[in-house]
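Novice:
Numbering (the numbering used here), first residue to last: 119 to 186.
Now the structure itself:
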């Protein structure tokens with residue numbers, strides 16, 4: 119399979135990345151970069167919203183291996 123030239127290198131072996139490739143292919147030629155940027159920003163917002171919040175002790179977010 120020939121590699122697609124995008125802002126990011128997407129690996130079509132993974133279902134999520136294959137889905138992103140399909141979405142980008144469906145977008146109009148001049149809008150692909152804007153669409154990819156929007157998807158990245160939406161994903162970042164979701165990660166930030168669902169990440170653990172600081173515990174109020176000034177230590178910030180605990181790593182999973184530091185949990186009690």
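Beta carbons: idealized from backbone N, C-alpha and C, even for Gly.
Going by DSSP in three states, residue 146 sits in which element: helix, strand or coil?
Specialist: Residue 146: coil per DSSP, three-state reduction.
Novice: Alpha carbon to alpha carbon, what distance is there between residue 170 and residue 131?
Specialist: Straight-line Cα distance between these residues: approximately 30 angstroms.
Novice: How about residue 138 and residue 157: do their beta carbons lie closer than 9 angstroms?
Specialist: Yes, Cβ-Cβ distance for residue 138 and residue 157 is below 9 angstroms.
Novice: Would you tell me roughly how many angstroms separate the C-alpha atoms of residue 197 and residue 166, rounded to the nearest one?
Specialist: There is simply no residue 197 to check, as the chain begins at 119 and stops at 186 in what is shown.
Novice: Is residue 136 helix, strand or coil when you go by DSSP?
Specialist: Note: residue 136 maps to helix in three-state DSSP.
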